[in-house]
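Worksheet for the structure shown next.
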Amino acid sequence: MAKTTRAPESPRARPPAIGRLLTSGRVVPLLTLHGHQRVVVALRQAREQEPQAGPDWDERIAERARSLLGPGRRLVPVINGTGVVVHTNLGRAPIAAAAARRAAELAMGYTNLELDLESGGRGDRQDLLQDLLRDLTGAEAAVVVNNGAAALLLALTALCSGREVVVSRGEAVEIGGGFRIPEVLRLSRAKLVDVGTTNRTRLQDYQAACNPKTAAFLRVHPSNFRIEGFTQTVPRARLAELAHRQGVLLLEDLGSGLLGPVTAATPGEDPLRQSLAQGADLAFASGDKLVGASQAGLAVGRADQVARMRRHPLFRALRPDKLQLAALEETLLCHATPGRLAEVPVWQMLRVPLAELRRRCQAWAERLAALGVAAEVVPLRGAVGGGASPGRELSSWGLRIGHPGRRRVRQALLGADPPVLVLERAGAVVLDARTVLPGQDAELLGSLASVLAPAAGGRPS
Ligand SMILES: *Cc1c(COP(=O)(O)O)cnc(C)c1O
Numbered sequence: 025m026a027k028t029t030r031a032p033e034s035p036r037a038r039p040p041a042i043g044r045l046l047t048s049g050r051v052v053p054l055l056t057l058h059g060h061q062r063v064v065v066a067l068r069q070a071r072e073q074e075p076q077a078g079p080d081w082d083e084r085i086a087e088r089a090r091s092l093l094g095p096g097r098r099l100v101p102v103i104n105g106t107g108v109v110v111h112t113n114l115g116r117a118p119i120a121a122a123a124a125r126r127a128a129e130l131a132m133g134y135t136n137l138e139l140d141l142e143s144g145g146r147g148d149r150q151d152l153l154q155d156l157l158r159d160l161t162g163a164e165a166a167v168v169v170n171n172g173a174a175a176l177l178l179a180l181t182a183l184c185s186g187r188e189v190v191v192s193r194g195e196a197v198e199i200g201g202g203f204r205i206p207e208v209l210r211l212s213r214a215k216l217v218d219v220g221t222t223n224r225t226r227l228q229d230y231q232a233a234c235n236p237k238t239a240a241f242l243r244v245h246p247s248n249f250r251i252e253g254f255t256q257t258v259p260r261a262r263l264a265e266l267a268h269r270q271g272v273l274l275l276e277d278l279g280s281g282l283l284g285p286v287t288a289a290t291p292g293e294d295p296l297r298q299s300l301a302q303g304a305d306l307a308f309a310s311g312d313k314l315v316g317a318s319q320a321g322l323a324v325g326r327a328d329q330v331a332r333m334r335r336h337p338l339f340r341a342l343r344p345d346k347l348q349l350a351a352l353e354e355t356l357l358c359h360a361t362p363g364r365l366a367e368v369p370v371w372q373m374l375r376v377p378l379a380e381l382r383r384r385c386q387a388w389a390e391r392l393a394a395l396g397v398a399a400e401v402v403p404l405r406g407a408v409g410g411g412a413s414p415g416r417e418l419s420s421w422g423l424r425i426g427h428p429g430r431r432r433v434r435q436a437l438l439g440a441d442p443p444v445l446v447l448e449r450a451g452a453v454v455l456d457a458r459t460v461l462p463g464q465d466a467e468l469l470g471s472l473a474s475v476l477a478p479a480a481g482g483r484p485s
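Written as structure tokens, this is what we have:
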């Protein structure tokens with residue numbers, strides 16, 4: 025390597041070392057968020073861009089490093105101002121505090137995950153859950169896998185591989201994130217036989233499709249959309265009767281996993297119990313939609329079919345871990361114990377009285393007005409989300425913030441600490457109060473103020 029001669033630098037002009045910065049109040053939060061390695065790299069880059077030391081050098085370097093690192097590299101809490109209770113982009117259901125505590129407790133030590141405490145032999149991680157799911161759904165047996173898609177994939181693979189599965193054309197849907205029923209069937213090596221038309225399918229259509237290779241009829245909840253008008257579907261009980269006369273299974277993918285009775289908050293959703301009572305042999309649902317737990321896939325129904333699913337090698341690849349099981353178990357206890365459903369945030373949000381939402385908005389509007397931010401309290405229409413009750417709206421209350429730069433405001437709120445996801449409606453930024461969790465009021469106002477009234481110091485008193 026050629027030797028270069030450099031002009032001697034005066035010690036004062038040389039930029040200070042990075043090490044000292046790592047303990048400064050501006051940089052420590054970056055370390056927590058991004059880790060040592062990335063922060064050091066960013067600080068070095070920042071130093072190259074700002075080689076000139078000066079009285080505010082630390083500040084400039086930290087600020088540059090922060091913008092180089094960017095936001096959102098880590099999972100951080102986000103305030104949900106959309107009114108969509110089960111919001112897939114925001115991690116679906118926030119879980120109950122008791123469920124989170126339980127998962128944390130069990131995660132930090134050893135558990136009887138696969139130990140039978142009575143015999144001392146190998147046990148099954150799913151025994152306790154199975155009892156709860158049986159009580160809540162009336163099923164003979166249950167098995168829990170990693171998510172709803174996995175439950176369906178495992179069932180089709182274990183029970184229908186190499187045979188035919190009959191699906192109504194109106195139900196051969198894409199649920200989101202590329203989860204398409206025809207593709208799941210292909211993956212499971214079952215042959216899709218679609219019957220009827222997009223809008224109308226009759227019992228005779230299913231009957232005509234039956235042959236010795238038929239393994240099952242599959243009913244799928246038409247997540248995220250609704251066909252209206254000239255439509256016809258076969259009632260579940262009649263389809264079950266035909267399936268059993270033909271000696272084939274009736275499988276039902278319910279998506280959202282309603283465990284309690286039908287409620288006003290979730291129109292059009294059928295509980296798992298109802299699906300089984302009307303003759304489905306197996307029903308599938310997600311754990312992090314209306315069940316309100318962490319990610320999981322539930323399969324409930326006939327004991328012999330559940331046993332076949334558990335025996336299949338794919339089960340090993342799709343099984344949930346102890347954290348998921350612990351959170352799910354505690355959440356199911358909330359469903360099964362009178363008075364505890366309110367602990368499940370999804371249900372707390374779905375059932376909150378409108379008057380309470382309105383009062384909360386009024387309090388926020390007053391605090392913002394004190395900072396010079398005009399926010400109007402308005403009635404809104406939110407949604408259950410997670411594919412549940414498609415096309416139905418959920419009355420709510422929220423804030424409407426008329427701002428000339430609404431697109432910029434929406435973006436800036438995502439960069440606030442904590443980030444806030446809001447909606448844009450008819451030329452305004454709109455924030456639905458239903459999905460702002462209890463206890464987030466001060467943080468919400470802080471983030472709103474930092475974007476809408478930075479001159480007022482960012483934080484309301
Ligand atoms: C959400 C959904 C799924 C997928 O469940 P995941 O838990 O997201 O894997 C499958 N089917 C229906 C009808 C759904 O609504």
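Quick note: to get our numbering, add 24 to the position in the sequence shown (first position is 1).
Backbone N, C-alpha and C fix where the C-beta goes; we use that ideal spot for every residue, glycine too.
Quick caveat: nothing in here was measured; it's all calculated off a predicted structure.
Exercise. In whole angstroms, what is the alpha-carbon distance linking L283 and L342?
Worked result: The count along the sequence shown starts at 1 and reaches residue 283 at position 259. The count along the sequence shown starts at 1 and reaches residue 342 at position 318. L283 and L342: Cα-Cα distance of roughly 23 Å.
Problem set entry | First and last residue of the uninterrupted alpha helix (DSSP H) at V446 | Here residue 446 corresponds to residue number 422 of the sequence shown, with the count starting at 1. Neither: V446 is in no alpha helix (DSSP H) and is coded neither H nor E.
For this session: Return the CA-CA distance between V244 and R332, expressed in angstroms with no decimal places.
Result: As a working mapping, residue 244 is identified with position 220 in the sequence shown. As a working mapping, residue 332 is identified with position 308 in the sequence shown. Cα to Cα, the separation comes out at about 21 Å.
Exercise. At a cut-off of 7 Å, is N136 close to ligand 1 when judged by its beta-carbon and the heavy atoms of the ligand?
Worked result: As a working mapping, residue 136 is identified with position 112 in the sequence shown. Not under cutoff, so the answer is no.
For this session: Spatial neighbours of L92 within its chain, please: CB distance less than 8 Å, with the 5 preceding and 5 following residues excluded, ordered by chain position.
Result: Stepping through the sequence shown from its first residue, residue 92 is reached at position 68. Only A66, Q69 and A70 meet the Cβ criterion.
Exercise. Does DSSP classify G43 as helix, strand or coil?
Worked result: As a first step, residue 43 is located in the sequence shown; it is residue number 19 there, counting from the start. Helix at G43.
For this session: Mind checking who S310 pairs with in its DSSP beta bridge?
Result: Locating residue 310 in the sequence shown gives position 286, where the first residue counts as 1. The partner list for S310 (beta bridge, DSSP) reads G321.
For this session: Only counting runs of 3 or more residues, tell me where the beta strand (DSSP E) segments fall wholly within the stretch 199-229, in order along the chain.
Result: 215-219
Exercise. Going along the chain, which unbroken runs of the alpha helix (DSSP H) with 4 or more residues stay wholly within the stretch 38-120?
Worked result: 52-58, 60-73 and 81-93
For this session: Please confirm whether any heavy atom of ligand 1 lies closer than 7 Å to the CB of S192.
Result: Numbered from its first residue, the sequence shown carries residue 192 at position 168. Answer for S192: no, Cβ out of range of ligand 1.
For this session: Give the DSSP-derived three-state secondary structure of T355 in the structure shown.
Result: Locating residue 355 in the sequence shown gives position 331, counting from the first residue. Of the three classes helix, strand and coil, the one that applies to T355 here is helix, per DSSP.
For this session: Evaluate contact between the stretch 180-187 and the stretch 277-293, counting only Cβ atoms and requiring at least three cross-stretch pairs below 8 Å.
Result: no
Problem set entry | Alpha-carbon to alpha-carbon, R90 and T459 | Taking the sequence shown and counting its residues from 1, the one referred to as residue 459 is at position 435. Taking the sequence shown and counting its residues from 1, the one referred to as residue 90 is at position 66. Cα to Cα, T459 sits roughly 30 Å from R90.
Problem set entry | Within 5 Å of ligand 1: residues by beta-carbon to any heavy atom | N171, G172, A173, I199, H245, S247, D277, G279, S310 and G411
For this session: Under 8 Å by Cβ, that's how I've got A304 and R260 pegged, so tell me the actual separation to the nearest angstrom.
Result: Locating residue 304 in the sequence shown gives position 280, counting from the first residue. Locating residue 260 in the sequence shown gives position 236, counting from the first residue. Contact flag correct, Cβ pair sits at about 7 Å.
Exercise. Is it the case that the Cβ atoms of G172 and S299 are separated by a distance below 8 Å?
Worked result: Numbered from 1 along the sequence shown, position 148 holds the residue referred to as residue 172. Numbered from 1 along the sequence shown, position 275 holds the residue referred to as residue 299. The answer is no: Cβ separation not under 8 Å.
Exercise. Where does D305 fall in DSSP's three states?
Worked result: Counting from 1 along the sequence shown, the entry for residue 305 is found at position 281. Here D305 sits in coil by DSSP.
Problem set entry | Residue span of the alpha helix (DSSP H) that contains P236, given as start and end | The residue given as residue 236 occupies position 212 in the sequence shown. Element bounds for P236: n/a, residue is neither H nor E.
Exercise. If we call anything under 8 Å between Cβ atoms a contact, is V315 one with T355?
Worked result: The count along the sequence shown starts at 1 and reaches residue 315 at position 291. The count along the sequence shown starts at 1 and reaches residue 355 at position 331. In contact: V315 and T355 (Cβ atoms closer than 8 Å).
For this session: Taking A327 as the reference, give the member of A166, V446 and A379 with the closest Cα.
Result: To locate residue 327, count along the sequence shown from 1; it is residue 303. For the residues A166, V446 and A379, the minimum Cα distance to A327 belongs to A166.
Problem set entry | CA nearest to the CA of E138, picked from L349, R50, N248 and A323 | Taking the first residue of the sequence shown as position 1, residue 138 is located at position 114. That would be L349, whose Cα lies nearest to the Cα of E138.
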